[in-house]
Each structure stands twice: as structure tokens, then as C-alpha cells.
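For the protein sequence lines, the chains are C and H, in the order given. Each residue of the first sequence is one higher than the last, beginning at 1 in our numbering. Each residue of the second sequence is one higher than the last, beginning at 1001 in our numbering.
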Amino acid sequence: MALAAFYFGRGRSLAVVGGPSHGSVLHSLPGYYGYYVAIWCALPALALLFVWMILEPRIVVAMVISELPESYRSLSAGELDLLVNNIRNLATGDVVSVEVDQALQDAAILLNGYGERSRQLLAVLSLGLAGLGGTLGWRRIRPELRARNRVENVIRWMLIAASSIAILTTIGIVLSVLLEAIRFFQKVPLTEFLFGLNWSPQTAIRADQVGSSGSFGAVPLFTGTLLITAIAMFVAVPVGLMTAIYLAEYSSARIRGIAKPLLEVLAGIPTVVYGFFAALTVAPWIRNAGESVGLTVASESALAAGLVMGIMIIPLVSSLADDAINAVPTAMRDGALALGSTRSETMTKVILPAALPGIVGGILLAVSRAIGETMIVVMAAGLAANLTANPFAAVTTVTVQIVTLLVGDQEFDSAKTLAAFALGLMLFVVTLCLNVIGLSVVRKYREQYD
Amino acid sequence: MSAERSTLEKVEAGLARRRRKELLFKLTGMFATAIGVVFLGVFFATLIAKGSSSFQQTFLKLDIELSAAALAPDGELDLRYADFDALVRSALRAQLPEVSSREERRALNRLVSVGASYQLRELLAADPGLVGTTQTLWVPASSNVDMLIKGDINEQDDEALRPLSDQQIAWVRSLDEAGRVDLRFNSALFSNGDSREPELAGIKGAVMGSFYMLLVTITLSFPIGVAAAIYLEEFAPKNRWSDLIEVNINNLAAVPSIVFGLLGLAVFINWMGLPRSAALVGGLVLTLLTLPVIIIASRAAIKAVPPSIREAALGLGASRMQVVFHHVMPLAMPGMLTGAIIGMSRALGESAPLLMIGMVAFIVDVPGGFTDPATALPVQIYLWADSPERAFAERTSAAIIVLLGFLLLMNLAAVIMRKRMERKW
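This is the structure:
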């Protein structure tokens, strides 16, 4: 339809001035008049379509509910939701979980009827609006119409909309996580969450069961996360840094040409694959090695997850360190070498101190990555929330708990699921701080030597 | 003079130590580099060692008598209710006539996969005329037999700890001697959806789910990402708003992916009411996830277009919009596409946010659309890796090999594109 509008508009603009030979009388190129009409045609219709799609289900459901007998309408909101679901299933012919009586049967038929009517109405309305918009645009075509400017304005607004999606995403993350977290903190006090030492989120279904309250002290999760992150950084920072130094200072171009892409491959492997490797290869290996020297190692030890995570982060650390080292002016390096220091002395005494802020910024980014890493720990670390600093014991992390709390079917209002959002909020805030600091340090430092 | 000599002496005295340090430093660097590379080697070696066997699957050759009496007792063939299992069992028993007791029969029946009866059903659905004939078919063996043939079950182990008893192993061996056991290409791996039975489980459902998701992701994130990059690079006034957007995008690229999953759960599923586990929702979440990657890459590509081209076009009277869409964008396209491919390969490997929006369900059917319940290839890997059945471990490796194969192809495409369209200004 918009396509047709384009051709009509283009044709009209030429017709108004009397044929292609007089095209120069027009303010803009004929094509722009075509786009102009097409926009008039498509935009309002699409907007209507969008609004309709969002509002339609709610209105239809509300209408169906208002037709239900009194006994159903007096139900609580949750039960009503359930009922509506059943009616919907009935309408599509799926399995229904309650006894079907006449009222429900009627409601289902009604629902189908409303849905059908709504679709017809939508089709008529949107096509009508498109036609109306198209004609309106078509009639407005004059030689002096500044079609190009108007079309460009619309495009400009579209570009702005596209770029603000990034902002909207951030706002969406903050709002969705924050709102649910606030609901969680209404049920569980903030102090208990932040300072409690006991994490067992199983809330019982009946109030009289043992341990029905559930406890939400998140400290064991934080320490577990920190433990695994520390192990990972213990691997990644020295290895990544030395790799960057070796590749930047010592290796021949040929070795660099081979090693760098290989390390990039390491960065491109999906985390779930690392998780599989950690759980099925590294963890048993560490346990056997531990047993042979008489250590008891949990089969889901923090060490296995941390080691593999460290290897995953090596490329990140080494590439950021490489950037920082390369940003140090060559004059400083040459000066140190000319004074007779060896390469290692140049590196440790001149270049590294100069590159330190950039490296630290990079390490902060790596830490944030390690804290937010999910699949490796879900697959290789445990579920038990132990408060321990022993790398051979099983610990759990914030991300693992988010996954275990939210995977599977739960009602959305229990403290258990809301706890996942509270943890998500913590995760988001902490990683955001690390990222902001890390990124600004890295950037500032880069500019300093430019 | 004497002071100078003493400096020289001092330097020479320390020289050996310093050289040692230098060597040590260099060796440490070499070692560090080697760690990454060696890990990669070990990693691929284990993967291939574990996974390559699962591209083959053990099949048993059985002469199955499709007797009309057993299949259609009422004279009418009803594929839904016909007892194919019985046919398969009796065919198996015909091979080992010495099996008699109930216990033994049950043990024998466990050698063949339930897939055998599905195979029969499909055969008869395609050609109902086969009723009454005897067909020689290769039917899938159970996963335990498969592991025995591939050597993953140690016969020296305690019988109670093995999935197969001594007797079952003896049966398999005698079938093997009769030439009725063979390793063949495991087509089920590529043509089936998920299954509880390892020998029937395939990755097609997961691959299709991933495909639909990536389709949603690329159609949304590429235009939006490019548009955002164009605006930020070419039109945005340098003020606090554009600074904010810039900082924001850089930060979004570093937000843990699981947080995007929380966003998807709260916004797309709870607030907008989109169906759980659907490829559409997964695609939307991955769109938000890849958007920063694409925007950053596209901006770099636009920046690389020299200003002289813009100035020339402006000088000839083009509007700024025309400059961008007619000149800058075509020149920046290779860089943008490379960024898009890199974003897509990140989206393909991502699984944490998909767990949040319910794509971990056990789904047997191959999804046929955007709103069907689906799972994704990395999530399938996660599910299989968690499965207690040992036979799933090798299938997990196979799925990983397939996933890495896809990623390799995508990255190769990106590299080739970069090489081909590379342009020196």
C-alpha cells in the first residue's frame, strides 16, 4: 500500500508540473514526493496497528469478564487470571484445568467472537486510515511543497528514536529490576538481605510447614561470587598481562600472527561450552588430583569454575593490557633502552607504571565480566550456599541463584522469584559501577598520551 | 677515572643477574602465551574425542514380520494404536531363541530403542501395502548398547554398576557375530528434536529455534543499530544528551547478559504478555543484547569514511540526509555488516538470558514459527550437559561441535568480507 502510495505520489508530482521534462519546477526530486505520500499512508496506519495490538487483548478480556455471571466476577484477581486462562484455552480447544460449565463455554465462544470482530475492525480501520492518509498526502502535493525537507525530518526522527532505544533499554532494565526488587524488600527487610548469613529461598506452600519462612541472607552468595571471581582473576590477570607483554615486546611477528587469532578464538567460544568443559572435564580432574594428595574436593568445587572462568577472561585482559601498553609513547621506551636497561627492566620500571591506570581499568572490566558470568558457574559451581573461603568447597554465586530461582514455573509474586530480581539489582549496580569506572579510566588514560 | 671504572664494574657485576632476570621474564611471557594456546588445543582435542563418536549410532538388523494379525486385529490398520513394540520384540527374540523367561525377555527388550517402533510406524504410514510382508530393517539400538559398541562401557566393571548385565552383553556380542550390529551415520542427531532417549535425541529443534531467534534479532537489531549509529555519528549535536547516549551504549555492552534476561522476563513476558519460551521473545532479548555491539561497530565504520567524501557531496548540493544515505552508508556498509555478523555470533552463543525467559523447557517438537515454544542450540547443550544419562555427554559434545561450526562459519564470513571490501583511503 505504501509502495503504491509512493508511485502515486511520484506520478502526481510530475503531473502537477506537467510531465518529467518540467521536473525542475518542483522543489524536490519527484521521488521525495513519492516518499512523502508513502509516509502519510503508512505511519498513521502502523501506529494504529501497534496501539491496537497492545490494547486489544485487555479490552476483549475485560468485555468477556463483564459478561460472566456474578459468582465468577467476585473472584480475586489471581483466580480471575486463572479463569481467563482457562477460557482462552477453551476457546482455542486446548486442555482445560477446571470443570467446564455453561458460563465458561459461553465465555469462550464470546471470546472467539470478540477476537474475530476485533480483527475485522482492525483490518477495516487500518486500511481505511492508510487510504485516508495516502489521499491527504497526495492532495497536498504542490510544486512548492518542500517534500524533501519533510521526508528528511521524518527520517531524522526515526534515527533519533533508534538511538534512544539504547537509553530505553537501560531505563527498562533499571525499572523492571528495581520495581520487583522494591516489592521484595517490602517482604524481606533490606538489612536481612544484605547482612544475613543464611540463604535458603525455599518458601513452603503451607504456612505450617517446617522452614516455611525461607531466609534471604545474601552474604554467602556474595562471598561465593567473590571467591570464584578472585580465583578467575588470579588466573587471568598474570597470564593475560604476561601474554600481552610477550606478544608486544618479545615475540616475532610470525608468532604474534598465530597466537593473537588463537586467543581471539578463545574469546569467541560460547560460555556454555566453557561450562560444559568445566563441569565434565576440569572438575573431575581436579577432584581426582585432590584425592591423590589427600584433599577432599567437592565435585562442584569453586576452583574448577574459577579456573575455567579465568581462562575465558585471558583474552579480555590481554587485549586491554595490549592497548594500554601500546598507548605508552615509544619515546619513553626508547629512552629507557638507550640508558642501558634490559627489555624486562624497561617493561617493569617504565612502561608498566606508565600503563598502570589503563591496565587497572581493564582489570575492573574483567572483574565485572567475571561477576556477571552465568553459564560457567551454573554448570560447574554448586547450589549450596556455603559461607566459606575454601576453594575446594562448593559455593554458589549470585547469577546461579538468579537462574535457579527463575527457571521453571513459579507464581510471580512469591518472595522467591522476587529475590531473583533483588539479586539482579545488586548484580546490575555492582557491574555498572565497575564498568563506569573501568571505561572512564581506560578512556581518560588513552587520551592522555594522544 | 677510578669512579668511572667502578661504575663499569658495578654494571658488569650485575649483568649476569640482570640477564637471568631478563630470560626469566621472557620465559614467563612465553609460558603465559602458551597457556592460552595449549588450553585451546586440549579443549578441541577433548571435544572432538568425545563428540566424534556420536555422529555414528549403533543399529540392529532385524527381520520384522509385519503380520496383519498383529497390526490390524480388527482387519483395519490404525497407525495410532497398532502395537509396533510387540513386532520389534518378537523380531529380536527370533534372533535369540534361547531367551525364555519373562525376566530375560524384558532384559532383551531393553536392547532396542523405542525409536524402532516409530520407524515402523513411519514406514507403514508411507506405504500401508507392506502389511503382511517381512521387512529387514536397521533399527536404532538403545543408548546402552550404543555405548557398549563404542567401547564406553567397561566389561570389567562390577555388573551392578554397569548399565548392561553380563547376559545382555553376551546377547549383543552374539548379534554382533551374526553381523546384525553396525555403526551407521546418526541421522537422528540432525533430523530429530529433543528426546528423553539419547539415541533419538537430535538438535534440529534447537537449531531451528536458534535460527528463528537470529532472524528476529537481525531484522530488528541491524536497521536499528545502523540508524542509531548514523544519528550519533552524523547528526547528533555534541551536547550532554548525546554524551549520555554514548556512555550508555558503552555500558550496555558490558552489562551481564543475565540482566537482559531479567529485563525480558519482566517486560516482554509479564508486562506485554508475550508467550513464554517463544523464539520471538528470545529474539527480542538478543536484539537488545546485540544492539550495543552493532552500534559501536557501525560508528567505527562511519568514522572511517573520510570527510572529503562528505564535503564533496555537500559541495555538489546534496542535503545532509542525501550525503549520509547515498555516500557514507554504502562506503561504511562492509564495516557495519562485519559488526552485525560479530553481534550475531555473540547472540548465537548466548544462553543465560534465554534461561530466564523459559527457553529451557523440554521441547520435543521442532518449532515451526516465531511464537512456538522453542529452545536454542546453546541451551540444548546446557540441558544435555546437565542430563544424568552418560550417553548424553557425547551428544553434548556433538552439539558443541555443530555450534562451534556455525560460529566458525560466521566469523569466517566476517573475515572474508572485511578482506574483500577493505579499502584504503
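Glycine included, each C-beta is placed from N, C-alpha and C at the ideal position. Since the model is a prediction, treat every value here as computed from it, not as a measurement.
Beta-carbon contacts of residue i that lie in its chain and below 7 Å, excluding the five residues immediately before and after
i	result
valine 308 of chain C	Tyr274, Phe277, Ala278, Val282, Ile376, Ala380
leucine 425 of chain C	Val177, Leu178, Ala181
leucine 383 of chain C	Thr396, Val400, Thr404
alanine 1229 of chain H	Ile1295, Ser1298, Arg1299, Ile1302
leucine 977 of chain H	Limits of chain H in this structure are 1001 at one end and 1425 at the other, which puts residue 977 of chain H out of reach.
threonine 1338 of chain H	Ala1297, Ala1414, Met1417, Arg1418
tryptophan 1171 of chain H	Leu1096, Leu1108, Leu1111
leucine 1407 of chain H	Ser1345, Leu1348, Gly1349
asparagine 198 of chain C	Ser215, Gly217
alanine 236 of chain C	Gly310, Ile313, Ile314, Val317, Ala366
glycine 1193 of chain H	Gly1202, Lys1204, Gly1205, Ile1363, Val1364, Asp1365, Val1366
serine 1090 of chain H	none
Same chain, Cβ closer than 6 Å to residue i, neighbours up to 5 away in sequence not counted
i	result
arginine 1310 of chain H	Val1323
serine 1242 of chain H	Ala1236
glycine 224 of chain C	Val395, Thr396, Thr397
tyrosine 32 of chain C	Ala147, Arg148, Val151
isoleucine 1249 of chain H	Pro1292, Ile1295
lysine 1050 of chain H	Glu1394, Ser1397
arginine 1420 of chain H	none
arginine 287 of chain C	Val297, Ser299
asparagine 341 of chain C	Asparagine is not the amino acid found at residue 341 of chain C; the sequence shown has serine there. Counting only Cβ-Cβ distances below 6 Å, and skipping sequence neighbours, we find nothing.
methionine 1001 of chain H	Since pLDDT at methionine 1001 of chain H reaches only 49, below the 50 mark, its modelled position is unreliable, and no value is offered.
Neighbourhood of residue i by C-beta distance below 8 Å, restricted to the same chain and skipping five residues each side
i	result
alanine 207 of chain C	Since pLDDT at alanine 207 of chain C reaches only 48, below the 50 mark, its modelled position is unreliable, and the value read off the structure follows with that caveat. None.
aspartate 1188 of chain H	Reading the sequence as shown, one finds alanine at residue 1188 of chain H and not aspartate. The answer, listed in chain order, is Gln1057, Gly1115, Pro1140, Glu1199, Leu1200, Ala1201, Gly1202.
phenylalanine 1268 of chain H	Leu1274, Val1281, Leu1284, Val1285, Ile1357
leucine 43 of chain C	Gly133, Val154
isoleucine 1149 of chain H	Thr1058, Ala1141, Val1172, Asp1176, Val1181, Leu1183
serine 187 of chain C	In the sequence as displayed, the identity of residue 187 of chain C is lysine instead of serine. So the list reads Ala415, Leu418, once near-sequence residues are dropped.
leucine 1377 of chain H	Ile1203, Ala1206, Val1207, Gly1209, Ser1210, Leu1348, Ala1399, Val1402, Leu1403, Phe1406
valine 430 of chain C	Ser368, Ile371
Residue from the options whose Cα sits closest to the Cα of residue i
i	options	result
proline 1353 of chain H	H/Gly1282, H/Lys1050, H/Ala1206	H/Gly1282
lysine 1303 of chain H	H/Thr1290, H/Pro1334, H/Ala1278	H/Pro1334
arginine 452 of chain C	C/Thr417, C/Cys41, C/Leu55, C/Leu365	Nothing can be reported for residue 452 of chain C: it is not among the residues displayed for chain C, which extend from 1 to 450.
alanine 522 of chain C	C/Ile371, C/Ile325, C/Pro189	Outside the shown range of chain C, which is 1 to 450, sits residue 522 of chain C, and nothing can be said about it.
serine 344 of chain C	C/Arg58, C/Ile245, C/Ala162, C/Thr191	C/Ile245
leucine 262 of chain C	C/Leu111, C/Thr243, C/Leu387, C/Ser440	C/Thr243
glutamate 1233 of chain H	H/Pro1306, H/Leu1130, H/Arg1105	H/Pro1306
asparagine 1270 of chain H	C/Ile39, C/Pro30, C/Leu418	C/Leu418
phenylalanine 1370 of chain H	H/Lys1010, H/Leu1262, H/Arg1276, H/Met1147	H/Arg1276
methionine 53 of chain C	C/Gly113, C/Ser126, C/Ser251, C/Val64	C/Ser126
asparagine 1186 of chain H	H/Ser1221, H/Gly1225, H/Trp1138	H/Trp1138
isoleucine 1064 of chain H	H/Leu1071, H/Glu1155, H/Val1088, H/Gln1119	H/Val1088
glutamate 1197 of chain H	H/Leu1062, H/Ala1070, H/Gly1264, H/Arg1390	H/Arg1390
glycine 240 of chain C	C/Asp322, C/Leu136, C/Ile65	C/Asp322
alanine 230 of chain C	C/Leu339, C/Leu194, C/Ile371, C/Gly362	C/Ile371
threonine 191 of chain C	C/Val219, C/Val37, C/Ile59, C/Ser66	C/Val219
leucine 48 of chain C	C/Val61, C/Ser118, C/Leu129, C/Leu110	C/Leu129
Those residues which DSSP pairs with residue i across a bridge
i	result
phenylalanine 199 of chain C	A small fix is needed here, since residue 199 of chain C is tryptophan in this sequence, not phenylalanine. Answer is C/Phe216, bridged to tryptophan 199 of chain C.
threonine 169 of chain C	None, per the DSSP bridge assignment.
alanine 1278 of chain H	H/Pro1373
isoleucine 1064 of chain H	H/Gln1135
threonine 1058 of chain H	H/Leu1183
Runs of alpha helix (DSSP H) lying entirely within the region 1299–1378 of chain H, each at least 4 residues, in chain order
List check, alpha helix (DSSP H) in window: 1307–1315, 1329–1349, 1352–1356.
Length at least 4, wholly inside the region 1111–1187 of chain H: the alpha helix (DSSP H) runs in chain order
1115–1126, 1143–1149, 1166–1177
Interfacial residues, the region 1244–1260 of chain H to chain C, with Cβ spacing under 8 Å:
Leu1244, Ile1245, Val1247, Asn1248, Ile1249, Asn1250, Asn1251, Leu1252, Ala1254, Val1255, Pro1256, Ser1257, Ile1258, Val1259, Phe1260
Report the residues of the region 362–383 of chain C with a CB closer than 9 Å to any CB of chain H, ordered along the chain.
Leu365, Ser368, Arg369, Ile371, Gly372, Glu373, Thr374, Met375, Val378, Met379
Residues of the region 284–308 of chain C with Cβ closer than 7 Å to any Cβ of chain H, in chain order
Taking 7 Å as the Cβ-Cβ cut-off against chain H, none of the residues of the region 284–308 of chain C qualify.
Check distances from the C-beta atoms of the region 146–157 of chain C to those of chain H and list, in chain order, the residues that come in under 7 Å.
Cβ contacts with chain H: Arg148, Glu152, Ile155, Arg156.
By the 7 Å beta-carbon criterion, what residues does the region 1013–1036 of chain H contribute toward chain C?
Arg1018, Lys1021, Glu1022, Phe1025, Lys1026, Thr1028, Gly1029, Met1030, Ala1032, Thr1033, Ile1035, Gly1036
Mind listing which residues of the region 1366–1382 of chain H have their C-beta closer than 8 Å to chain C's C-betas, in chain order?
Pro1378, Val1379, Ile1381, Tyr1382
Name, going along the chain, the residues of the region 177–199 of chain C whose beta-carbon falls closer than 9 Å to a beta-carbon of chain H.
Val177, Leu179, Glu180
Whole alpha helix (DSSP H) runs in the region 329–381 of chain C with 4 or more residues, listed along the chain?
330–338, 352–372, 375–380
Residues, ordered as in the chain, of the region 241–260 of chain C that lie near chain H by beta-carbon distance below 7 Å
Within the region 241–260 of chain C, Met242, Thr243, Ile245, Tyr246, Leu247, Tyr250, Ala259 place their CB atoms closer than 7 Å to a CB of chain H, listed in sequence order.
Near-chain C residues of the region 1221–1233 of chain H - C-beta to any C-beta below 9 Å:
Pro1223, Ile1224, Gly1225, Val1226, Ala1227, Ala1228, Ala1229, Ile1230, Tyr1231, Leu1232
Taking beta-carbon pairs under 8 Å, can you tell me which members of the region 1398–1425 of chain H lie near chain C?
Ile1400, Leu1403, Leu1404, Leu1407, Asn1411
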